[in-house]
Amino acid sequence: MKEQIEKVFTEKFGGGPFITITTPSRANLIGEHIDYQGGYVLPAGVDRFIFSCGRKRKDNRIKLLSFNYNQYFETDTENIIYQKKYKWANYILGVLAEYRKLGYDIPGIEIAIGGNIPVGSGLSSSAAVEISIAVLFQKITGIEIEPLELIKLARRAENEFVGVSCGIMDQFSIYLSKKDNALLINCKTLEYRYVPLLMDGLKFLLVDTKKERSLSSSVYNSRVASVKEAVGIIRQYRDIEFLTEIDDITPYKDKLSEETYKRALHIVEENKRVLEAVSCLERNDFNGFGELMYQSHKSLKKLYEVSCEELDFIVGFAKNIDGVKGARLTGAGMGGCALVLLEESIISQFISELTPLYQKTFGINPEFYLFQPVDGALYQNP
Ligand code: GLA
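Sequential numbering of the sequence shown, starting at 6, is according to the working numbering.
Here you go:
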């Protein structure tokens, strides 16, 4: 794949030296929809990648080629503005716009980008593009900003240029994940540490629902807004910045609408589950970890209401198979992938039994990605 992108770069822009950046995707093991409320999350790098090739130009043109969309877009450095027609280009332009806001000069640049992260599957191909471009920009200009600043810049590109109010988890993990580890992030303080995944005979399997997620960003933004509203109401009684600072939400039940209370309850409980999940991993208690995955899914389904029939079907199926430890939706939900923790020896049985049932129920074939936690973009591009 990397060679293919490098080849199209040379075909389009000509020979000579250029830089290639390798950027993985991510799956969140647990801690869903709480990063934007200062919670703990536990993602890991996934071995599906975005490759971006690029170099500076002598003029002020910005030339962008998307391998996956087979599209070309061109503008100049004075016109870094949102593109309705070339949506993929916004993840690149947004990063350039953020570097400019920090006061850096944006040179003319030519980039070819592509990879094998399935789009819309909840593996955060968008954050992978943002991080990839942020790293590429540094390598070709020689500018260097601190890791946390780079992560925040990539997130702002998505918040402000693309218009999705995402939290910081995706950009964080895609940049700083480490091979064979999960990454525990405190999204309030931005402190983090690595948690080794000693997966003796067990594997994480992603099951892609292949469901179209057309309304997902508006549902996402509305969840972000509704939990912010809960913070505003609770602030009348107690000084908090985020819901995850609250240990017990029940005293505020009658202050919140029924719906907002359910959302807030998910946040408070999911945050606690993450720390329990880490202590399970630290004592190699994968049964306990798997149980927390099921609880997380139930809460995302019933309280946060970001699951869908397809995801529930996969999780329900998984629960009835011997050798499966746990399953849950991963990422924003409403489609995308379920994450299943299971014994290596039953993977082919799991796939061959689930596929025809899923196909019969929904008329589409699910896809499966077995993944090995990999290094983030910082370590992939020394
Ligand atoms: C998306 C967002 C993340 C996070 C997850 C849900 O992936 O980009 O910031 O909120 O959804 O946990």
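From the three backbone atoms N, C-alpha and C, an ideal C-beta is built for every residue, glycine too.
Classification of residue i by the beta-carbon crowding that lies within 10 angstroms, buried from 16 upward
i	result
tyrosine 225	buried
glutamate 149	exposed
aspartate 81	exposed
glutamate 115	buried
proline 371	buried
arginine 198	exposed
isoleucine 122	buried
proline 256	exposed
glutamine 9	exposed
proline 22	exposed
glutamate 275	buried
asparagine 325	exposed
asparagine 95	buried
serine 227	exposed
aspartate 213	buried
arginine 2	The question about residue 2 has no answer here: the residues shown for the chain are numbered 6 through 387.
glycine 108	exposed
valine 311	buried
proline 29	buried
isoleucine 118	buried
isoleucine 85	buried
lysine 63	exposed
lysine 12	exposed
serine 350	exposed
serine 126	buried
glycine 172	buried
Residue from the options with nearest C-alpha to residue i
i	options	result
serine 130	Glu296, Lys365, Phe56, Arg105	Phe56
glycine 340	Val320, Ser350, Val279, Gln354	Val320
glutamine 76	Lys92, Pro378, Lys306, Ile85	Lys92
alanine 390	Ser223, Lys258, Asp252	The structure shown does not extend to residue 390, since the chain is modelled only from 6 through 387, so no value can be given for it.
glycine 338	Glu315, Ala132, Tyr180	Glu315
leucine 195	Ser170, Val13, Gly295, Lys157	Lys157
methionine 174	Lys144, Leu203, Tyr266, Gly50	Gly50
cysteine 192	Pro201, Gln377, Phe177, Val200	Phe177
threonine 25	Leu34, Arg60, Asp52	Arg60
leucine 286	Phe14, Val200, Ile239	Val200
alanine 269	Tyr96, Phe373, Glu296, Ala230	Ala230
lysine 7	Lys17, Thr27, Thr15, Phe23	Thr27
arginine 288	Arg240, Gln300, Leu202, Phe18	Leu202
isoleucine 238	Glu349, Phe376, Thr214, Tyr266	Tyr266
tyrosine 104	Asp52, Leu181, Phe142	Phe142
serine 182	Asp380, Pro387, Asn386	Asp380
serine 2	Ser170, Ile179, Lys184	Residue 2 is absent from the model: the chain starts at 6 and stops at 387.
valine 273	Arg161, Val232, Glu296	Val232
alanine 32	Asn386, His271, Leu334, Glu349	Leu334
valine 329	Tyr299, Tyr309, Asp317	Tyr299
leucine 297	Lys63, Cys313, Leu346	Leu346
glycine 293	Phe78, Gly331, Asn84	Gly331
lysine 90	Ala159, Phe78, Tyr384	Phe78
phenylalanine 355	Lys216, Gly19, Ile85, Asp327	Asp327
tyrosine 180	Lys144, Ala139, Arg218	Ala139
cysteine 313	Gly147, Arg218, Glu11	Arg218
tyrosine 309	Asp64, Ser126, Tyr363, Gly336	Gly336
leucine 375	Ile352, Ala162, Tyr384	Ile352
serine 301	Gly19, Phe54, Gly147, Leu344	Leu344
alanine 159	Pro387, Asn386, Ala382	Ala382
proline 378	Phe54, Phe318, Glu16	Phe54
glycine 147	Gly19, Arg161, Asp317, Asp110	Asp110
alanine 162	Gln385, Gly295, Phe373, Lys106	Lys106
Proximity test, Cβ basis, 9 Å: residue i and chain C
i	result
alanine 230	Absent from the structure: chain C. Only one protein chain is present.
- Task: Mind the definition here: the region 199-209 touches the region 235-249 only if three or more C-beta pairs lie below 8 Å; say whether that holds.
- Result: The count of Cβ pairs closer than 8 Å, one atom from the region 199-209 and one from the region 235-249, stays below three, leaving the stretches out of contact.
- Item | Nearest-residue set for the ligand GLA, Cβ under 5 Å from any heavy atom | Near the ligand GLA, meaning a beta-carbon closer than 5 Å to one of its heavy atoms, we find Glu37, His38, Asp40, Cys171, Gly172, Met174, Asp175, Gly336, Ala337.
- Query: Does the count of Cβ pairs from the region 257-266 and the region 65-79 closer than 8 Å reach three?
  - Reply: The region 65-79 and the region 257-266 do not touch, with fewer than three beta-carbon pairs separated by less than 8 Å.
- Task: Can you check the region 69-110 for any alpha helix (DSSP H) of at least 4 residues that lies completely inside it and give the ranges in chain order?
- Result: Complete alpha helix (DSSP H) runs here, min 4: 92-106.
- Examine the Cβ distances between the region 42-49 and the region 183-195 and report whether three or more of them are shorter than 8 Å. By the Cβ criterion, the region 42-49 is in contact with the region 183-195, since at least three pairs of Cβ atoms, one from each stretch, lie closer than 8 Å.
- Considering only residues of the region 120-184, which uninterrupted alpha helix (DSSP H) runs meet the minimum length of 4 residues and lie entirely inside it, listed in chain order? Within the region 120-184, the complete alpha helix (DSSP H) runs of at least 4 residues are 130-146, 152-161, 174-181.
- Message: Does the contact criterion of 3 or more C-beta pairs under 8 Å hold for the region 350-369 versus the region 143-163?
- Response: Taking a cut-off of 8 Å on C-beta distances, the region 350-369 does not touch the region 143-163, as fewer than three cross pairs fall below it.
- List in chain order: all unbroken beta strand (DSSP E) runs of 3+ residues lying wholly within the region 193-240. Correct list: 197-201, 207-213.
- Which ranges does the alpha helix (DSSP H) cover as unbroken runs of at least 4 residues, wholly within the region 259-341, from first to last along the chain? Within the region 259-341, the complete alpha helix (DSSP H) segments of 4 residues or longer fall at 263-287, 291-307, 314-324, listed in chain order.
- Are at least three pairs of beta-carbons, each pair with one atom in the region 350-366 and one in the region 160-170, less than 8 Å apart? With a cut-off of 8 Å, the region 160-170 and the region 350-366 do not count as touching, because too few Cβ pairs lie within range.
- Task: State whether the region 21-38 contacts the region 289-308, with contact taken as three or more CB pairs (one from each stretch) at a distance under 8 Å.
- Result: The region 21-38 vs the region 289-308: in contact.
- Could you name each continuous alpha helix (DSSP H) segment of 4 residues or more that falls completely within the region 19-65, going from the start of the chain to the end? As for any alpha helix (DSSP H) of minimum length 4 sitting wholly inside the region 19-65, there is none.
- Item | Meets three-Cβ-pair contact criterion under 8 Å: the region 248-255 and the region 279-297 | Segment contact: the region 248-255 against the region 279-297, fewer than three CB-CB distances shorter than 8 Å; contact not assigned.
- Query: Would the region 92-105 and the region 126-146 be scored as touching if the rule is three or more Cβ pairs under 8 Å?
  - Reply: Segments in contact, yes.
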